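Reminder that position 110 of the sequence shown reads as 110 in full-length UniProt numbering, one-by-one numbering, no gaps.
Remarks on the structure that follows.
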Amino acid sequence: MLHALVTEVLTIYPEEPMLTEIEVLVMTRIQELNSQNATRTQKYQQLCQGQGARSIKLLSTLKCYYLRHTRSLYLLIAPAKVEQLNVDPEILLFHDILTDNQMEMLKNASMPHEYQLWSSLSPQDYAMSIIS
């Protein structure tokens, strides 16, 4: 957006040398920011895949804690277990958020409909459906 603004001003005042310098500075800064964002995204992806090398000093600063919120009655009664996996970018792992029943419901809801039908059949029902 800033580059578009500088370009528009340059079309109005093409002979202004200061604007040309500003355009160069803006373009350089945009490239730097894009590079930083790309490396941050790559670092995040590597850490999520367990590929990032982390120092012992960094590992010693990571924490585990209970997340309690007064705004959420559920978290007030049953605080969430949080494990900090990385500081920058911040990566948190939440433990024991869902019950076993909730996990099964989530798995079933995410399965294709046809697979849900076949997986819910008992071995006898499955054999009968193949025969008929």
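Glycine is no exception: its CB is placed at the ideal position from the N, C-alpha and C atoms.
Source: prediction; values computed, not measured.
Q. Residue 80 to residue 96, Cα distance in whole Å?
A. For the purposes of this step, residue 80 is taken as residue 80 along the sequence shown, with counting starting at 1. For the purposes of this step, residue 96 is taken as residue 96 along the sequence shown, with counting starting at 1. Their Cα atoms are separated by approximately 7 Å.
Q) For residue 63 versus residue 46, is the C-beta distance shorter than 8 Å? A) Walking along the sequence shown from the start, residue 63 turns up at place 63. Walking along the sequence shown from the start, residue 46 turns up at place 46. 8 Å or more divides the Cβ of residue 63 from the Cβ of residue 46.
Q: Kindly identify the DSSP beta-bridge partner or partners of residue 86.
A: As a first step, residue 86 must be located in the sequence shown, where it is residue number 86. Bridge partners of residue 86: 91.
Q | Per DSSP, the bridge partner or partners of residue 66 | A | On the sequence shown, position 66 is the one that residue 66 refers to. In DSSP, residue 66 forms a bridge with 81.
Q: Report back the beta-carbon spacing between residue 73 and residue 67 to the nearest angstrom; my notes put them in contact at under 8 Å.
A: Position 73 of the sequence shown, counted from the start, is the residue given in the question as residue 73. Position 67 of the sequence shown, counted from the start, is the residue given in the question as residue 67. Not confirmed; about 14 Å, so no contact.
Q. Just the Cα atoms here: how many angstroms apart are residue 134 and residue 32?
A. The question about residue 134 has no answer, for the chain in this structure spans 1 to 132.
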